[in-house]
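Take the sequence shown: its letter number 28 is residue 27 in numbering that gives the first Met the number 0, and every next letter is one higher.
One structure below.
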Amino acid sequence: MQVILLIILLSLLIAIGFLIAFFWAVGTGQYDDEVTPAMRILFEDTKPPEDE
């Protein structure tokens, strides 16, 4: 029974560590996309054909 409690506590600590790392990465701008907005100018917008 003690082993199960130890494993549960250890898994909770690891999960909290990953959650803290995720929030840190989002807060420091790791997921900001700086390449795509500059490349959008290179692609033409396609307009759907207009039915009359």
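Quick reminder that beta carbons are idealized off the backbone N, C-alpha and C, glycines included.
With DSSP as the reference, label residue i as helix, strand or coil.
i	result
residue 0	coil
residue 42	coil
residue 27	coil
Taking just the CA atoms, how far does residue j sit from residue i?
i	j	result
residue 6	residue 14	12 Å
residue 22	residue 47	41 Å
residue 33	residue 20	21 Å
residue 30	residue 36	14 Å
residue 24	residue 18	10 Å
residue 54	residue 2	Given a span of 0 to 51 for the chain in the structure shown, any question on residue 54 remains unanswerable.
residue 28	residue 8	31 Å
Grab me the residues of residue i's own chain with a C-beta within less than 7 Å of its C-beta, minus the 5 sequence neighbours each way, in chain order.
i	result
residue 4	none
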